[in-house]
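Going down the list, the protein sequences come from chains A and B. With UniProt numbering applied, the first sequence corresponds to residues 1 to 345, in that order. With UniProt numbering applied, the second sequence corresponds to residues 1 to 345, in that order. Cβ atoms here follow ideal geometry from the backbone N, Cα and C, with glycine treated the same way. In this text the structure is predicted, and so the values were computed from the model without any measurement.
Protein chains: 2
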Amino acid sequence: MEPPAQSRRVTIVDVARHAQVSTTAVSKVLRNAYGASPAMREKVQRSIAELGYRPYAAARGLRGQTYTIGIMLPDIRNPFFPDIVDGVTDWFKDTDYQVLLGPGCNGEEAEARVTEAMVDRGMDGLILVAPVSPRSHLEHLANLVPTVVVGRHGHSPRYDTVADDDIAGAALIVRHLADLGHRRIAHIEHLETDPTRIAEMPNTQRSEGYRRAMRERGLADETDIVSTSYTQEGGYLGAQQLLARKRRPTAIFAGSDFVAMGVLEALAEAKLSVPEDISLTGYDNTSFAALRSISLTSVDQAGNDIGANAARLLLDRITERGRPTVQVKLSPTLIVRNSTAPAAR
Amino acid sequence: MEPPAQSRRVTIVDVARHAQVSTTAVSKVLRNAYGASPAMREKVQRSIAELGYRPYAAARGLRGQTYTIGIMLPDIRNPFFPDIVDGVTDWFKDTDYQVLLGPGCNGEEAEARVTEAMVDRGMDGLILVAPVSPRSHLEHLANLVPTVVVGRHGHSPRYDTVADDDIAGAALIVRHLADLGHRRIAHIEHLETDPTRIAEMPNTQRSEGYRRAMRERGLADETDIVSTSYTQEGGYLGAQQLLARKRRPTAIFAGSDFVAMGVLEALAEAKLSVPEDISLTGYDNTSFAALRSISLTSVDQAGNDIGANAARLLLDRITERGRPTVQVKLSPTLIVRNSTAPAAR
DNA sequence: CAGCTCGTGGGAAACGTTACCCATTCCATG
DNA sequence: CATGGAATGGGTAACGTTTCCCACGAGCTG
């Protein structure tokens, strides 16, 4: 019943012996490096297959690459992030790289722990999704290892960025609601206090986009923002505040789908129905929004494209570390569902 | 504008020089190993802090441990899995271990790719959540590296398992519905065809539990199972089949919350309301179920406990590889919400 | 005081892979 | 036929850490 004495891993040396060549030769074949004849390649490949050899990443790491890419996600629960991850993994699918995710990165401290751990493990590249760390830490990381920052505006000479145009996204919503005849359109935002990153966060961009679009439509006086947080709880509390106004809004633009879920709850408690009494929109087009019984108008960020772009930029930077940084900005699209309707006369 | 010449990492040699001791000594301090006086410990610790030294996991891996735990998740989108992950990461929080997730493991082939990659990276332990690979592959893996399998029944002399009692969970549902006066209780299951794993999968356990509980309540003749899949689509199609019956069920036990979402859709199309016309239950108690506008009666699996148990067993096995394997079975609880109501007379 | 043991510290050889550089062969060129 | 260069293959020293051992001295025991 004892497990068989754990057999030693097949190494490059075993392959070399089996194929009757040097370890150098095997290494060259593995990396498609220059200096190996087709005949030798063939011979080595056969030995590799026969022995079932697999390169040991830890050993490779000691000499350079580990062929591992790390993705830091602030929260696996947010259904928007898997799309990004899929975009990244798809891109790396046919390469030797393996993508690994760091879990539980809520908050600056946890974020630092995970990213440090990734550096310690010799990862070849990092994709940081919506990080909350200060810029200085991001740049520190980017100095150590090729890095792409996703979902955060602003640019750095150290890392590439990929983000969706949140200003445009907010405008899509406001225009849609205004076109339906709404004037009192309120917004629930995520309160951002940290001055070092305030301008870079998507949430502040969304509220800025809201403000601009309201102005553009001549609704500047109707601008009404409640600051809570991008959580269900935040939506619930925000909606309660809005419903307590003397002049209630006729439409609410929640900063994220999560927030909209909380708003729905508050509205249900107040016996108000959507969209008859109040129109509601979310942001991120998560799977919640698509549920038929919720059917929330939302903004789609094309998570797959975001991920794919991040992966592309990262691979570029791994190949050519010195190249100037790039900022990719993607355009969101509006998904109209049943939670928005013309304003009551 | 050029990044500063990438500074070399601080190594154990630098620390040794700075503290005026040997590298061996530093290594001992790092691992709390025997053979270092308190005085030396103190001296080395100070140097480590001063230089900001961090051990390089890749190099450690070459000689033994990498202090990395891999979790394989079949699908990040399933809101049930994050609870498990949280349970695991919480357990490892105060240790030197770092948990990393493998993404995109849908299907046997992808699963094998990810697990192989984890082995190649010298991970110290693996937690496989609801794997679909055949037992032989799981045992092969477990031979290479300590492994815990989560959410799959049956036991092996090679790996530990943690699972929720799905038979008991299904019984909770059936009893709840029967107590409400329902007799025609139908079940939508995930069709399992692979004979090698059929008895081990949670889905088959759930339908078995359903059958038994129906018998127990004297409702054997009302047993009505539709086989589709554990997806929203599967729920939609399954519900359509059930609604086409001559004698429609008065309650539907969907095998997972996802399935229930699809059922809701089909019911809405058929202009049937929940729970007035039909009672509906899910399984897994995902965040969907808790949404107020859905409010689905479901079974909670205590994902955190599952994760914590898996972590504990894994750490045990890393410390003592030879010990006999353990099977942990946890008890689910019923969460009653508004989607179930007494059967119409 | 000889012979042990115990506590403390270090030397050096791994671990598996890659990168640098050199050696050999072969062929084309003058 | 001598020379040069390209093509091919290999020797070997790293990379950063751990582990096995050995050395040294102090404090015991008989």
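Where B/ILE48 and B/ALA25 are concerned, what is the direct C-alpha to C-alpha distance, given to the nearest angstrom? The residue you call residue 48 of chain B lines up with position 48 of the second sequence. The residue you call residue 25 of chain B lines up with position 25 of the second sequence. Rounded to the nearest angstrom, the two C-alpha atoms are 12 Å apart.
Taking a Cβ distance cut-off of 7 Å, strictly less, list which residues of the stretch 57-73 of chain B are near chain A, in chain order. ALA57, ALA58, ALA59, GLY61, LEU62, THR66, THR68
What residues from chain A crowd round B/LEU314, counting only those whose CB sits closer than 8 Å? Walking along the second sequence from the start, residue 314 of chain B turns up at place 314. Here the premise fails: no neighbours, minimum Cβ distance about 15 Å.
Distance, A/ALA308 Cα to A/VAL88 Cα: By 1-based counting over the first sequence, the position of residue 88 of chain A is 88. By 1-based counting over the first sequence, the position of residue 308 of chain A is 308. Rounded to whole angstroms, A/VAL88 to A/ALA308 spans 5 Å at the Cα level.
List, in chain order, every chain B residue whose beta-carbon is nearer than 7 Å to that of residue 372 of chain A. No answer is possible for residue 372 of chain A: the residues shown for chain A start at 1 and end at 345.
B/LEU315 versus B/LEU128: straight-line alpha-carbon distance, rounded: In the second sequence, the residue the question calls residue 315 of chain B occupies position 315. In the second sequence, the residue the question calls residue 128 of chain B occupies position 128. Roughly 14 Å separates the two Cα atoms.
Per-residue DSSP class, three states only, for A/GLY35: Your numbering for residue 35 of chain A matches position 35 in the first sequence. In the structure shown, A/GLY35 sits in coil (DSSP, three-state: anything other than H, G, I, E or B).
Between B/GLN241 and the rest of its own chain, which residues show a CB-CB distance below 7 Å, the 5 nearest in sequence each way excluded? Working through the second sequence from its first residue, we reach residue 241 of chain B at position 241. Answer for B/GLN241: VAL226, listed in chain order.
Quick check on B/LEU272: does DSSP put it in helix, strand or coil? The residue labelled residue 272 of chain B in the question sits at position 272 within the second sequence. Note: B/LEU272 maps to coil in three-state DSSP.
Inter-residue Cα distance where the pair is B/CYS105 and B/GLU50: Locating residue 105 of chain B in the second sequence gives position 105, counting from the first residue. Locating residue 50 of chain B in the second sequence gives position 50, counting from the first residue. Rounded to the nearest angstrom, the two C-alpha atoms are 42 Å apart.
A/PRO55: contacting residues in chain B (beta-carbon distance under 8 Å): One-based indexing of the first sequence puts residue 55 of chain A at position 55. The contacting residues are ASP120.
Assuming A/VAL263 contacts A/GLY235 under a Cβ cut-off of 8 Å, what Cβ separation, rounded to an integer in Å, is found between them? As a working mapping, residue 263 of chain A is identified with position 263 in the first sequence. As a working mapping, residue 235 of chain A is identified with position 235 in the first sequence. Confirmed, about 4 Å.
So, using beta-carbon positions, are A/GLU192 and A/ILE185 closer together than 9 Å? Here the question's residue 192 of chain A lines up with position 192 in the first sequence. Here the question's residue 185 of chain A lines up with position 185 in the first sequence. The answer is no: Cβ separation not under 9 Å.
So what does DSSP say about B/HIS190, is it helix, strand or coil? Along the second sequence, one-based indexing puts residue 190 of chain B at 190. Note: B/HIS190 maps to strand in three-state DSSP.
Starting from the N-terminal side, write out each stretch of the alpha helix (DSSP H) that is 4 residues or longer and does not extend beyond the UniProt domain "HTH lacI-type" (10-64) of chain A. 12-19, 23-30, 38-51, 57-63
A/PRO3: buried (16+ other C-beta within 10 angstroms of its C-beta) or exposed? As a working note, residue 3 of chain A is residue 3 in the first sequence. Annotation note: pLDDT 42 at A/PRO3 (below 50); position unreliable, coordinate value reported separately. The residue in question, A/PRO3, is exposed, as its Cβ has fewer than 16 Cβ neighbours within 10 Å.
Measure from the alpha carbon of A/ALA163 to the alpha carbon of each residue in A/ARG247, A/PHE81, A/ARG9, A/ALA254, then state which is nearest. Working through the first sequence from its first residue, we reach residue 163 of chain A at position 163. Comparing Cα-Cα distances from A/ALA163 to each of A/ARG247, A/PHE81, A/ARG9, A/ALA254, the minimum goes to A/PHE81.
On the CB-based measure, 16 or more other CB atoms within 10 Å of its CB, does A/THR297 come out buried or exposed? Working through the first sequence from its first residue, we reach residue 297 of chain A at position 297. Buried is the label assigned to A/THR297, since at least 16 other Cβ atoms lie within 10 Å of its Cβ.
Contacts around A/HIS18, its chain only, beta-carbon distance under 8 Å, and the 5 residues preceding and following it disregarded: Here residue 18 of chain A corresponds to residue number 18 of the first sequence, with the count starting at 1. Excluding residues within five positions, the ones whose Cβ falls inside 8 Å are SER47, GLU50, LEU51.
So B/PRO131 contacts chain A; which residues on that side make the cut at Cβ distance below 7 Å? Within the second sequence, the letter at position 131 stands for residue 131 of chain B. Ordered by position in chain A, no residue passes the 7 Å Cβ test against B/PRO131, which lies about 17 Å from the chain.
Using a Cβ cut-off of 7 Å, pull out every chain B residue sitting near A/GLY102, in sequence order please. Within the first sequence, numbered from 1, the residue matching residue 102 of chain A stands at position 102. By Cβ distance, chain B contributes LEU100.
Taking 9 Å as the CB-CB limit, is B/SER293 close to chain A? Numbered from its first residue, the second sequence carries residue 293 of chain B at position 293. Yes, because at least one Cβ of chain A sits closer than 9 Å to the Cβ of B/SER293.
Going by DSSP, what residues sit across from A/ASP160 in a beta bridge? As a first step, residue 160 of chain A is located in the first sequence; it is residue number 160 there, counting from the start. Partner(s): A/VAL148.
When DSSP labels each residue in this structure, what does A/THR340 get in the three-state scheme? Locating residue 340 of chain A in the first sequence gives position 340, where the first residue counts as 1. Note: A/THR340 maps to coil in three-state DSSP.
Please compile the residues from chain A whose C-beta is within a distance smaller than 7 Å of the C-beta of B/ILE76. Translated into positions along the second sequence, residue 76 of chain B becomes position 76. Residues of chain A passing the Cβ test: ILE76, PRO82, VAL85.
Whole-Å CB distance - A/PRO79 paired with A/PHE288, under 8 Å assumed: Locating residue 79 of chain A in the first sequence gives position 79, where the first residue counts as 1. Locating residue 288 of chain A in the first sequence gives position 288, where the first residue counts as 1. The Cβ separation is near 7 Å, so the contact holds.
Tell me whether B/ARG317 is buried or exposed, calling it buried when 16 or more other Cβ atoms sit within 10 Å of its Cβ. As a position in the second sequence, residue 317 of chain B is number 317, starting the count at 1. It is buried - the Cβ of B/ARG317 has at least 16 other Cβ atoms within 10 Å.
Of all the options A/GLY238, A/THR223, A/GLY169, which has the alpha carbon lying nearest to the alpha carbon of A/GLN205? Here residue 205 of chain A corresponds to residue number 205 of the first sequence, with the count starting at 1. For A/GLN205, the nearest C-alpha among the options comes from A/GLY169.
Does the CB of B/GLU2 have a neighbour CB from chain A at under 9 Å? As a working mapping, residue 2 of chain B is identified with position 2 in the second sequence. Reliability fails at B/GLU2, whose pLDDT of 38 lies under 50, so the model's placement of it is uncertain and the value that follows must be treated cautiously. Nearest CB-CB separation between B/GLU2 and chain A: below the 9 Å threshold.
Thinking B/ILE84 and B/ILE306 are a contact (beta carbons under 8 Å), I'd like their distance in whole angstroms, please. Counting from one through the second sequence, the residue named residue 84 of chain B turns up at place 84. Counting from one through the second sequence, the residue named residue 306 of chain B turns up at place 306. Distance from B/ILE84 to B/ILE306 at the Cβ level is roughly 5 Å; contact confirmed, criterion being Cβ atoms closer than 8 Å.
For the 8 Å Cβ check, are there 3 or more pairs between the stretch 317-327 of chain A and the stretch 317-329 of chain B? no
Where B/ASP224 falls: helix, strand or coil (DSSP): Numbered from 1 along the second sequence, position 224 holds the residue referred to as residue 224 of chain B. B/ASP224: strand per DSSP, three-state reduction.
May I ask you to list, following chain order, the residues of the stretch 266-288 of chain A that have a beta carbon less than 8 Å from some beta carbon of chain B? ALA268, SER287, PHE288
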